[in-house]
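Everything below concerns the one structure shown next.
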Amino acid sequence: MNAAAKGIPDGLRVLGGWAINSVRRLGLASRFLWATLIQSGTSFRRFKLVTREMYFVGVYSLIIIIVSGLFVGFVLGLQGYNTLQKYASEQALGLLVALSLVRELGPVVTALLFAGRAGTALTAEIGLMKATEQLSAMEMMAVDPIARVVAPRFWAGVISMPILAAIFSIVGVFGGYFVGVVLIGVDEGAFWAQMQAGVDIFDDVLNGEIKSLVFGVTVTLIALFEGYDCYPTAEGVSSATTRTVVISSLAVLALDFVMTAFMVGGW
Amino acid sequence: MGSKALDLWAGVFVLAGIVALFMLAFKVGNLSSFSLSSNNYLLYANFENIGGLKVRAPIKSAGVVVGRVADIRFDNKDYVAKVTLSIDKSYQFPKDTFASILTSGLLGEQYIGLDAGGDSEYLQPGDNIKKTQSAIVLEKLIGQFLFSKAEGGKK
Chain A
346 MNAAAKGIPD GLRVLGGWAI NSVRRLGLAS RFLWATLIQS GTSFRRFKLV
396 TREMYFVGVY SLIIIIVSGL FVGFVLGLQG YNTLQKYASE QALGLLVALS
446 LVRELGPVVT ALLFAGRAGT ALTAEIGLMK ATEQLSAMEM MAVDPIARVV
496 APRFWAGVIS MPILAAIFSI VGVFGGYFVG VVLIGVDEGA FWAQMQAGVD
546 IFDDVLNGEI KSLVFGVTVT LIALFEGYDC YPTAEGVSSA TTRTVVISSL
596 AVLALDFVMT AFMVGGW
Chain B
2 MGSKALDLWA GVFVLAGIVA LFMLAFKVGN LSSFSLSSNN YLLYANFENI
52 GGLKVRAPIK SAGVVVGRVA DIRFDNKDYV AKVTLSIDKS YQFPKDTFAS
102 ILTSGLLGEQ YIGLDAGGDS EYLQPGDNIK KTQSAIVLEK LIGQFLFSKA
152 EGGKK
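Chains as they are written, first to last, in our numbering: chain A, 346 to 612; chain B, 2 to 156.
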């Protein structure tokens, strides 16, 4: 048998191995989510566990969220004005800024930043706990690590994400206001009036918050699962952290497309 | 950092989120105009063509927003558009009020304009506005213009 004929089954074997491994990890992640949900009782009975994690997941992410929101708002104000003035409709700047932030950029950019800022921290923390056998030690003491370590972090992430998205959106709107009204000189009344006339509380604000809630579940779950499932070595933790960012970013963008398609009503 | 300070900061964080949500709802969104709907009354109007009028479009009289379009239906008996107008209770209009569909600016959104008549009786909740004028459809207008030009050229 020559080398070329041998190469094809090898390629097939790699493909098959990749497929089986992906499905296996998907199944493990689903079981992990189920176990987390079942073991969530402790988190709510001792809610201090969750508030403590919300401090690390949410409050620490505030600075990056506020600064990014502000600059995204600045850029939207400038770019939007640049395009809108070609059609002599720069009064619609407020509407453009608010709609893009509330519907798309707020949830999506917050989720991406959240994956980079909080998701990696969660993966590294839990991965190191596993590598240093703290999780096994807990099991030895009859403390379920999922109930004590994973579930509080999961709920902290799920609660923090919509809050961060709302803060991002409102800061971005004021960023757009600053550039559009204060610096460029768009009429202030038209800026707010067009925004209020065009932004719907259910279609836009609520849907944006639903999106960010789904992203919160996705990103936090991926981060925790990668940490919990990593090889308990320094290399394993580092590659798990990388996977957290890559997989959760892709998942957020893909889910965003699916949810937008449903919410806009294209299907 | 002590556990008290952690809780405090988490509380500040959640509060900031709630404030941001309220601002999104009231300052950015249109929740404030929803609060009107409890003390509104309904009027109906039939239009031959509503153009691009949408539900929740403003209803203006003398340029002031007095209500919003609550519902738009197609009446299959008379083949007209049946528009439900939700008007603020503090405004009353005479029986011979004229409702027309207007456009704000050249490319702006469409709204319903109410021109008050001289009748001494007022429209009651649930009444029909009899005098209406349809939206101006640009294509029809251009068609008419071209048609009249062609007519003129023959003479």
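Yeah, the Cβ is synthetic: ideal placement off N, Cα and C, and Gly gets one too.
Taking C-alpha positions only, Asp79/B is separated from Phe48/B by approximately 10 Å. Inter-residue distance for Thr587/A and Ala469/A is about 10 Å (C-alpha atoms, whole angstroms). Within 10 angstroms of the beta-carbon of Asn41/B lie 16 or more other beta-carbons, which makes it buried. The beta-carbon distance between Gly561/A and Gly502/A, rounded to whole angstroms, is 6 Å. This is short enough to meet the 8 Å contact definition.
Taking C-beta separations shorter than 7 Å and ignoring five residues to either side along the sequence, the partners of Phe459/A in its chain run Ser406, Met506, Leu509 and Val564, following chain order.
Inter-segment contact for the region 382 to 394 of chain A and the region 489 to 503 of chain A is present: three or more beta-carbon pairs are separated by less than 8 Å.
Here the alpha carbons of Leu44/B and Lys96/B stand approximately 11 Å from one another. Counting other Cβ atoms within 10 Å of its Cβ, Gln111/B reaches 16 or more and is therefore classed as buried. When only Cα atoms are considered, Leu421/A and Ile143/B end up about 37 Å apart.
For Ile408/A, the enclosing alpha helix (DSSP H) covers residues Tyr405 to Leu429. With a contact defined as Cβ atoms closer than 8 Å, Ala71/B and Thr98/B miss out at about 17 Å. Judged by DSSP secondary structure, Ser101/B falls within the beta strand (DSSP E) whose first and last residues are Phe99 to Thr104. Among the CB atoms of chain A, one or more fall inside 8 Å of the CB of Leu25/B. In the same chain as Val550/A, and ignoring 5 residues on each side of it, the C-beta atoms closer than 8 Å to its own belong to Val447 and Val544, in chain order.
Note on geometry: alpha-carbon atoms of Ala58/B and Trp537/A lie some 17 Å from one another. Shortest Cα-Cα distance from Gln436/A to any of Ser583/A, Ile592/A, Ile529/A and Asp548/A involves Ile529/A. Ala26/B and Thr133/B do not touch by the CB rule: their CB atoms are close to 34 Å apart, not below 8 Å. With the criterion set as a beta carbon lying under 8 Å from some beta carbon of chain B, the members of the region 375 to 399 of chain A are Lys393, Thr396, Arg397 and Met399, in sequence order.
The DSSP-derived three-state label of Thr85/B is strand. Among the CB atoms of chain A, none fall inside 8 Å of the CB of Asp79/B. A Cβ of chain B is located within less than 8 Å of the beta carbon of Gln541/A.
The DSSP-derived three-state label of Leu124/B is coil. Using a Cβ-Cβ cut-off of 8 Å, Val29/B counts as an interface residue toward chain A, since at least one Cβ of chain A sits closer than that to its own. Taken through DSSP and simplified to helix, strand or coil, Ala460/A comes out as helix.
With respect to the C-alpha of Ile51/B, the residue from Gly114/B, Phe148/B and Asp120/B having the closest C-alpha is Gly114/B.
Residue burial is scored here from C-beta neighbours: Leu444/A has at least 16 other C-beta atoms within 10 angstroms and is therefore classed as buried. Under the three-state reduction of DSSP output, Ile512/A falls in the helix class.
Pairing Phe401/A with Val417/A, the inter-Cα distance amounts to about 24 Å. With a threshold of 8 Å between beta carbons, Phe14/B makes contact with chain A.
Using a CB distance below 8 Å, the part of the region 432 to 448 of chain A facing chain B consists of Tyr432, Ser434, Ala443 and Val447, ordered along the chain. Close to Leu22/B, with beta-carbon spacing below 7 Å, are these residues of chain A in chain order: Ala511. The alpha-carbon of Glu122/B is positioned some 48 Å away from that of Phe519/A. For Gly472/A, the closest C-alpha among the options Met604/A, Phe570/A and Leu360/A is that of Phe570/A. In the three-state reduction of the DSSP assignment, Asn552/A falls in the helix class.
Shown here is that no member of the region 551 to 569 of chain A has a Cβ falling below 7 Å from a Cβ of chain B. In this structure, the straight-line span from the alpha carbon of Ile411/A to that of Arg462/A is close to 13 Å.
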